[in-house]
Amino acid sequence: MTIYGKNVAKIINFEKTILRKEKIGFVFQNHSLLPNLTVFENISLPARQSKGIFYSKNHENVMYLLEEVGLCSREHDYPVQLSGGEQQRVAIARALTNNPRLLLADEPTSSLDKKTAPETIKLLLSLAKNNGVAIILVTHDLEIARMMDETQVLKHGTLWSEDDPSI
């Protein structure tokens, strides 16, 4: 598999770490926010860990992302003070902090209620489109899967196109 022009099977672990840290955004099913950091600090964490990101540029980017996910007024709050949907919006903003071109989302709505889940995916898709980000999303939720531009089904270890009548 080639990502950003690099064959990931042939690069050393250090290069894989840099690739994951600086070029790919991740959204997990359990938010994975650090409880002792504020919303702002959670979102800015990936940029603070990357080289060459200046505070003022990072601050501006985090504030932009907070606005995009509708949480400007919550920047000083801690994850425990947020609803599940708000926590997932923080996780989405954090995944976009380093301006990745690829976002991997593992069951990003599994901990959300039936109303919040589609709203969160619509937000994710909108942000991805506006920022030129490709998403690879894993879900068991058919409603969420139908919101994607393209769908593949994993059945018995084999990928199938959703159009395939044999699945």
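Each number in my numbering corresponds to the 1-based position in the sequence shown with 13 added. Where a beta carbon is used, it is the ideal one built from N, C-alpha and C, also for glycine. Source: prediction; values computed, not measured.
Residues bridged to residue i (per DSSP)
i       : result
Gln-165 : Ser-174
Asp-90  : Asp-90 pairs with nothing; no bridge assigned.
Thr-15  : Asn-20
CA nearest to the CA of residue i, picked from the options
i       : options                               : result
Leu-95  : Asn-55, Pro-131 and Arg-114           : Asn-55
Pro-92  : Ala-104, Val-82, Lys-36 and Ile-149   : Ala-104
Arg-107 : Glu-132, Ser-124, Ser-123 and Ala-141 : Ala-141
Ser-124 : Ala-147, Gln-100, Asn-112 and Ser-86  : Gln-100
Gly-110 : Leu-47, Ile-37, Thr-15 and Ser-45     : In the sequence as displayed, the identity of residue 110 is Thr instead of Gly. If we check each option's Cα against that of Thr-110, Ile-37 comes out closest.
Asp-90  : Tyr-77, Trp-173, Glu-73 and Phe-53    : Phe-53
Leu-167 : Met-161, Val-151 and Glu-88           : Val-151
Glu-156 : Tyr-17, Trp-173 and Glu-132           : Glu-132
Ser-139 : Val-82, Ala-22, Thr-15 and Leu-117    : Val-82
Glu-80  : Tyr-17, Ala-60 and Leu-136            : Leu-136
Residue i vs residue j beta-carbon contact at 9 Å
i       : j       : result
Asp-154 : Gln-42  : no
Thr-129 : Gly-98  : yes
Ser-57  : Val-40  : no
Leu-115 : Ala-147 : yes
Host beta strand (DSSP E) of residue i (start-end)
i       : result
Leu-150 : 147–151
Leu-116 : 115–119
Residue interval of the alpha helix (DSSP H) (run including residue i)
i       : result
Leu-155 : 155–158
Ser-124 : Taken as a continuous stretch (DSSP letters only), Ser-124 belongs to no alpha helix (DSSP H), as it is neither H nor E.
Val-103 : 97–109
In the stretch 19–68, which residue ranges form an unbroken alpha helix (DSSP H) of at least 4 residues, counting only runs that do not cross its ends?
As far as the stretch 19–68 is concerned, its whole alpha helix (DSSP H) runs of at least 4 residues are 26–36 and 52–62.
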